[in-house]
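Trainee:
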Amino acid sequence: HARDLAVVKAKMQKAVVVLGSATPGIRSYYNARTQKYAFLELTQRVQNRPLPRIDIVDMKAQKEAHGKTPILSDTMTLAIAETLARKEQSLLFLNKRGFDTFLVCGDCGYNFRCPNCAVALKSHLAESIIKCHYCDHTQKSMPLCPNCRSGKILSYGTGTQKLEKEIERLFPGARICRMDSDTTARKGSQEEILCALEQKKIDILVGTQMITKGHDFPFITLVGVIAADTSLNMPDFRASEKTFQMLTQVAGRGGRGTVCGRVIIQTFNPEHYALQYTQKHDYPSFYSDEIEFRRALQYPPFSRIICLRLSSGKKDALMETAQETGRKARELAARHGNAVEIIGPSESPLAKIRGQYRQQMLIKGRNSRILHAIAFDLMEKHETSAVKITVDVDPENFM
8 HARDLAVVKA
18 KMQKAVVVLG
28 SATPGIRSYY
38 NARTQKYAFL
48 ELTQRVQNRP
58 LPRIDIVDMK
68 AQKEAHGKTP
78 ILSDTMTLAI
88 AETLARKEQS
98 LLFLNKRGFD
108 TFLVCGDCGY
118 NFRCPNCAVA
128 LKSHLAESII
138 KCHYCDHTQK
148 SMPLCPNCRS
158 GKILSYGTGT
168 QKLEKEIERL
178 FPGARICRMD
188 SDTTARKGSQ
198 EEILCALEQK
208 KIDILVGTQM
218 ITKGHDFPFI
228 TLVGVIAADT
238 SLNMPDFRAS
248 EKTFQMLTQV
258 AGRGGRGTVC
268 GRVIIQTFNP
278 EHYALQYTQK
288 HDYPSFYSDE
298 IEFRRALQYP
308 PFSRIICLRL
318 SSGKKDALME
328 TAQETGRKAR
338 ELAARHGNAV
348 EIIGPSESPL
358 AKIRGQYRQQ
368 MLIKGRNSRI
378 LHAIAFDLME
388 KHETSAVKIT
398 VDVDPENFM
């Protein structure tokens with residue numbers, strides 16, 4: 008991680024390093040609270056501008072009211088209409104590009120999946136293709152099911168393209184622009200979109216995570232988060248931390264000018280503490296709850312983690328090597344009593360990517376030297392060329 012490299016480099020050069028963030032990581036804040044880092048805080052926004060008001064919408068109630076889950080809640084739709092009437096700009100955040108989440112045949116249940124990866128293919132309507140977002144496998148959209156030849160192809164889930172279409176339907180006179188990796192692939196296209204936004208040539212900007220950080224949008228007064236649960240449901244002990252950071256960052260895009268901003272967050276988990284503390288702009292309280300969760304389960308910063316990722320084009324060879332590596336890891340860990348915990352090996356959440364089957368194993372404990380020694384021993388004993396093992400110290404994700 009660049010943050011860790013900066014700290015190590017500064018120590019080597021006897022220099023001062025400044026870690027600046029509106030949403031510091033739990034580990035960094037813990038180091039500040041325990042006096043390992045000096046802590047400086049900006050207590051107000053530029054020119055004393057107020058923080059945006061944040062409203063949370065329970066999508067379970069919206070589903071009951073409409074008979075199905077709408078893409079935009081009644082609260083969100085009304086707020087966009089009011090913002091348009093005031094000739095102000097809106098930003099809608101959805102961290103899923105493409106048109107949908109997956110396609111399925113309504114008659115035989117066939118799933119349109121990538122032949123190289125264990126993931127669903129996503130529709131891209133503008134190009135009339137279905138595409139894998141991991142290996143870029145692409146094929147033409149199919150009007151008929153390849154399994155039973157039925158024409159009943161059902162689209163589930165919402166990506167930025169479907170969101171854009173829904174806004175066009177609800178607000179036909181609005182000037183809408185989408186900003187994701189599909190629309191910004193051409194050199195200079197991202198700068199063109201940002202320039203058009205600054206010149207008020209865009210009423211509603213739809214985008215993925217690339218719009219959440221580092222941009223100053225002075226005329227955006229409404230920020231809408233379409234699906235806050237996406238990051239909350241990730242298989243990662245940092246899911247709450249990453250969700251709080253993401254929501255706080257995207258909320259910060261609103262009300263940066265002279266008009267106070269408003270943020271609307273759509274969720275199926277309105278009582279989750281990450282969302283509740285986001286609504287209150289209360290990082291210290293979020294940290295207090297999160298650090299107790301980490302302490303109870305001995306997750307970082309109360310331990311260190313090394314992730315061993317095993318991959319192979321041969322599933323049987325991978326399974327055999329994973330089980331043998333797990334056995335050796337437990338033997339090595341046993342020499343240190345209860346100081347080391349081995350978790351796995353188990354199938355990775357993304358079980359196959361680019362033709363490679365994947366397993367992972369976690370080595371967890373307080374003493375990093377012991378963890379490094381175990382990982383080193385396992386790598387030295389690894390003999391099967393058909394299986395690749397990579398070591399990730401303090402992993403940032405577990406996918």
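Per our numbering: the sequence shown = residues 8 to 406.
From the three backbone atoms N, C-alpha and C, an ideal C-beta is built for every residue, glycine too.
#1: Which runs of the alpha helix (DSSP H), 4 residues or longer, sit entirely within the segment 309–355?
#2: One question on the structure: do residue 136 and residue 182 come within less than 9 angstroms of each other, judged by their Cβ atoms?
#3: Skipping 5 residues on each side, what residues in its chain have a beta carbon closer than 7 angstroms to that of residue 208?
#4: Do residue 343 and the ligand FMN come close, with the Cβ less than 8 angstroms from some heavy atom?
#5: Which residue or residues does DSSP assign as beta-bridge partners of residue 109?
#6: In whole angstroms, give me the CA-to-CA distance for residue 37 and residue 94.
#7: Spatial neighbours of residue 420 within its chain, please: C-beta separation below 8 angstroms, excluding the five flanking residues on both sides.
#8: Could you tell me how far apart the beta carbons of residue 250 and residue 239 are, in whole angstroms, since I believe they sit closer than 8 angstroms?
#9: Between residue 148 and residue 201, what straight-line distance do the alpha-carbon atoms span, to the nearest angstrom?
#10: Excluding five sequence neighbours on each side, which residues of the same chain lie with their C-beta closer than 7 angstroms to the C-beta of residue 403?
#11: Is DSSP giving residue 141 helix, strand or coil here?
#12: With distances taken between CB atoms, is the gap from residue 407 to residue 352 smaller than 9 angstroms?
#13: Counting Cβ pairs closer than 8 angstroms, one from the segment 69–86 and one from the segment 276–291, do we hit at least three?
#14: Report yes or no: do the segment 283–294 and the segment 322–339 share at least 3 C-beta pairs separated by less than 8 angstroms?
#15: Tell me the DSSP secondary structure of residue 79 in three-state form.
#16: Per DSSP, residue 229 is paired with what?
#17: So, for residue 364: in the same chain, excluding its five sequence neighbours on each side, which residues have a beta-carbon less than 8 angstroms away from its beta-carbon?
#18: Residue 6 by DSSP, collapsed to three states: which one?
#19: Would you call the segment 48–65 in contact with the segment 128–143, where contact means no fewer than 3 C-beta pairs closer than 8 angstroms?
#20: Give a yes or no on whether the C-beta atoms belonging to residue 213 and residue 271 are separated by under 9 angstroms.
#21: What residues are listed by DSSP as bridge partners for residue 371?
#22: Any contact between the segment 88–102 and the segment 297–306? By contact I mean 3 or more CB pairs, one from each, below 8 angstroms.
#23: For the candidate residues 390, 397, 392, whose alpha-carbon lies nearest to that of residue 368?
#24: Do you know offhand how far residue 299's Cα is from residue 33's?
#25: Helix, strand or coil: which one does DSSP assign to residue 398?
#26: Provide the residue span of the alpha helix (DSSP H) that contains residue 257, from first to last.
#27: Excluding sequence positions up to five away, which residues of its chain have a Cβ less than 7 angstroms from the Cβ of residue 130?
#28: Quick one, are the C-beta atoms of residue 218 and residue 269 less than 9 angstroms apart?
#29: Using only alpha-carbon positions, find the residue among 60, 59, 27, 55 that is nearest to residue 44.
#30: Report the start-end ranges of each beta strand (DSSP E) in the segment 270–304 that is 3 residues or longer and not cut off at the edges.
#31: What does DSSP give as the partner residues of residue 63 in its beta bridges?
Mentor: The answer reads as follows:
#1: Correct list: 322–341.
#2: no
#3: 182
#4: Absent from the structure shown: the ligand FMN. Ligands present: none.
#5: The bridge partners DSSP lists for residue 109 are 163.
#6: 44 angstroms
#7: With the chain running from 8 to 406 in the structure shown, residue 420 is simply not present.
#8: 5 angstroms
#9: 31 angstroms
#10: 8
#11: Here residue 141 sits in coil by DSSP.
#12: With the chain covering 8 to 406 only, the question about residue 407 has no answer from this structure.
#13: no
#14: No, the segment 283–294 does not touch the segment 322–339.
#15: coil
#16: 97, 269
#17: For residue 364, where only same-chain residues beyond five positions count, the Cβ hits under 8 angstroms are 318, 319, 320, 321, 322, 325, 358.
#18: A query on residue 6 cannot be resolved here, the shown segment of the chain reaching from 8 to 406 and no further.
#19: no
#20: Cβ atoms of residue 213 and residue 271: not closer than 9 angstroms.
#21: Residue pairing by DSSP places residue 371 opposite 312, 348 in a beta bridge.
#22: no
#23: 397
#24: Near 11 angstroms, if we compare the C-alpha coordinates of residue 33 and residue 299.
#25: strand
#26: 246–258
#27: 105, 106, 107, 110, 137, 148, 162
#28: No.
#29: 27
#30: Counting only unbroken stretches of 3 or more residues, no beta strand (DSSP E) element lies wholly within the segment 270–304.
#31: 272
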